[in-house]
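Residue numbers (the working numbering), protein chains in the order written: chain A, 1167 to 1380; chain B, 1167 to 1380. We put the beta carbon where it would ideally sit given N, CA and C, even for glycine. Before any comments, here is the structure.
2 protein chains.
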Amino acid sequence: MARVVVRNFAVSLDGFGAGPDQNLDNPIGAGGDRLHTWIFETRFGRQMIGGDGGSVGLDNDLLEQGDQGIGATIMGRNMFGPIRGDWPDEAWRGWWGDNPPYHHPVFVLTHHPRQPIEMQGGTTFYFVADGIQSALDQAVNAAQGGDVRIGGGISTIQQYLRAGLIDELGLAIVPILLGSGERLLESARIGSPNYELAGLASSDRVAHIRLQRV
Amino acid sequence: MARVVVRNFAVSLDGFGAGPDQNLDNPIGAGGDRLHTWIFETRFGRQMIGGDGGSVGLDNDLLEQGDQGIGATIMGRNMFGPIRGDWPDEAWRGWWGDNPPYHHPVFVLTHHPRQPIEMQGGTTFYFVADGIQSALDQAVNAAQGGDVRIGGGISTIQQYLRAGLIDELGLAIVPILLGSGERLLESARIGSPNYELAGLASSDRVAHIRLQRV
């Protein structure tokens, strides 16, 4: 059985997974880039953007492990790009250049259907307009026995949490205060899911908490 | 100069420092006792309630260090007891028995003045009805060169945060979801205080994060 997992999803100490005022210049909202600084300080994070160097250790290990065994990814349209409403043309192909760091099928939740986009390196973006369960069914099928990762953003993770579909929730608590933005663990959005601790460890900059569904 | 510190203050993964529906039977609200389970599993926590045994290690070390150098504590009236409004008599003397685990002067914020209560073991409760700055001034004076600890609860810590008076904020992130209750790091209550990371470490059950004012 494919598991449905969230891995290394960064939230601030005050609970925000994105800052306020998301736009093309600030895809994670004002100050939201500070949630991801730790990633690009690791070897894994630098390789992801075509760089080299970077730290090894716990943060790097967990980022590497976060990719292991994943056969498909699901993301919200706002994570795929800044365009809202109908697609004006086929030009936007994601934030990640010609060779995105997924290397497997990626299912994008949207209300606006679009033809799949085959990228370099094994990533194909599929657009799903008939809901989160359909996206999950398609992702499980495409994963061919691998697990399905819910990549984000906040609203997408919340919808799957609320539906009781996430088996493992891995968060990276970044000890900064954003003050406002999108809060992940908001009971009005996620209901009352029942999780227990499956793993806890910290580097000198991030606390990694992994919950599993009871 | 006395420093003003919060130490080992427990909050849930979803940010709550107390559950909903606080009352005499549930002084930390429904489910709120789960925030403190880890404390009573340590040697320090057991000694605090007159027991023995308990774990040593990071959680125990940080609890012991949390008490070091503290010359006075400030707490809100709701942390001192469940009585609201005027004091009906002098009977309520706190939750902690005849020998409270403070062993120094404790300043209780209240709108209802009352004579000091001298307990066994060095703890004296003073009741301060003229505001948080007055309580801090009295506590700094009473601490005789020691630091002043803001003990809680949520509202009291928030008032001192908002006033920019807390030098060090030490939180214990307990990886449970309470769903509702009193949220500590709520910008509407604390403003936009400017802190940086001063320490991060985790046991297998609690992530300890220490911030200091920039």
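Alpha carbon of residue i to alpha carbon of residue j, nearest angstrom
| i | j | result |
| --- | --- | --- |
| residue 1340 of chain B | residue 1284 of chain A | 43 Å |
| residue 1321 of chain B | residue 1350 of chain B | 8 Å |
| residue 1300 of chain B | residue 1380 of chain A | 48 Å |
| residue 1268 of chain A | residue 1185 of chain A | 24 Å |
| residue 1215 of chain A | residue 1263 of chain A | 10 Å |
| residue 1193 of chain A | residue 1199 of chain B | 39 Å |
| residue 1234 of chain B | residue 1172 of chain A | 40 Å |
| residue 1378 of chain B | residue 1336 of chain B | 9 Å |
| residue 1325 of chain A | residue 1275 of chain B | 42 Å |
| residue 1178 of chain B | residue 1202 of chain B | 10 Å |
| residue 1208 of chain B | residue 1176 of chain B | 15 Å |
| residue 1273 of chain B | residue 1188 of chain B | 22 Å |
| residue 1330 of chain B | residue 1279 of chain B | 26 Å |
| residue 1327 of chain B | residue 1311 of chain B | 22 Å |
| residue 1257 of chain B | residue 1277 of chain B | 18 Å |
| residue 1376 of chain A | residue 1220 of chain B | 25 Å |
| residue 1360 of chain A | residue 1204 of chain B | 20 Å |
| residue 1253 of chain B | residue 1282 of chain B | 13 Å |
| residue 1251 of chain A | residue 1222 of chain B | 57 Å |
| residue 1190 of chain A | residue 1196 of chain A | 11 Å |
| residue 1355 of chain B | residue 1297 of chain B | 17 Å |
| residue 1213 of chain A | residue 1248 of chain B | 56 Å |
| residue 1206 of chain B | residue 1292 of chain A | 51 Å |
| residue 1218 of chain B | residue 1364 of chain A | 29 Å |
| residue 1210 of chain A | residue 1287 of chain B | 55 Å |
| residue 1374 of chain A | residue 1308 of chain B | 40 Å |
| residue 1362 of chain A | residue 1334 of chain A | 10 Å |
| residue 1167 of chain A | residue 1255 of chain A | 38 Å |
Listed by chain order, chain B residues near residue i by CB distance under 8 Å
| i | result |
| --- | --- |
| residue 1373 of chain A | 1339, 1366, 1368, 1373 and 1375 |
First and last residue of the uninterrupted alpha helix (DSSP H) at residue i
| i | result |
| --- | --- |
| residue 1389 of chain A | Because chain A is modelled from 1167 through 1380, residue 1389 of chain A falls outside the range shown and cannot be assessed. |
| residue 1355 of chain B | 1353-1356 |
| residue 1306 of chain A | 1298-1309 |
| residue 1276 of chain A | Segment: none, residue 1276 of chain A is in no alpha helix (DSSP H) and carries neither H nor E. |
Start and end residues, beta strand (DSSP E) containing residue i
| i | result |
| --- | --- |
| residue 1292 of chain A | 1290-1294 |
| residue 1167 of chain B | Unbroken run through residue 1167 of chain B: none, as it is neither H nor E. |
| residue 1232 of chain A | Element bounds for residue 1232 of chain A: not the beta strand (DSSP E) but the alpha helix (DSSP H), 1224-1233. |
| residue 1243 of chain A | No beta strand (DSSP E) holds residue 1243 of chain A; the alpha helix (DSSP H) holding it covers 1243-1246. |
| residue 1257 of chain A | Unbroken run through residue 1257 of chain A: none, as it is neither H nor E. |
| residue 1180 of chain A | Segment: none, residue 1180 of chain A is in no beta strand (DSSP E) and carries neither H nor E. |
Closer than 8 Å at the beta carbon, the chain A residues around residue i
| i | result |
| --- | --- |
| residue 1345 of chain B | 1353 and 1358 |
Cross-chain neighbours of residue i in chain B, by beta carbon under 7 Å
| i | result |
| --- | --- |
| residue 1361 of chain A | 1343 |
Neighbouring residues, chain A, relative to residue i (Cβ below 7 Å)
| i | result |
| --- | --- |
| residue 1179 of chain B | 1351 and 1375 |
C-beta atoms of residue i and residue j nearer than 7 Å
| i | j | result |
| --- | --- | --- |
| residue 1271 of chain B | residue 1238 of chain B | yes |
| residue 1303 of chain A | residue 1169 of chain A | no |
| residue 1369 of chain A | residue 1229 of chain A | no |
| residue 1353 of chain B | residue 1345 of chain A | yes |
| residue 1290 of chain B | residue 1266 of chain B | no |
| residue 1338 of chain A | residue 1372 of chain A | yes |
| residue 1244 of chain B | residue 1319 of chain B | yes |
| residue 1174 of chain B | residue 1260 of chain B | no |
| residue 1316 of chain B | residue 1240 of chain B | yes |
| residue 1180 of chain B | residue 1343 of chain B | yes |
| residue 1246 of chain B | residue 1347 of chain B | no |
DSSP-derived helix/strand/coil call for residue i
| i | result |
| --- | --- |
| residue 1205 of chain B | helix |
| residue 1376 of chain A | strand |
| residue 1174 of chain B | strand |
| residue 1197 of chain A | coil |
| residue 1332 of chain A | coil |
| residue 1321 of chain B | helix |
| residue 1343 of chain B | coil |
| residue 1287 of chain B | helix |
| residue 1211 of chain A | helix |
| residue 1337 of chain B | strand |
7 Å Cβ cutoff, residue i in contact with chain E
| i | result |
| --- | --- |
| residue 1206 of chain B | The structure shown contains no chain E; the protein chains it does contain are A and B. |
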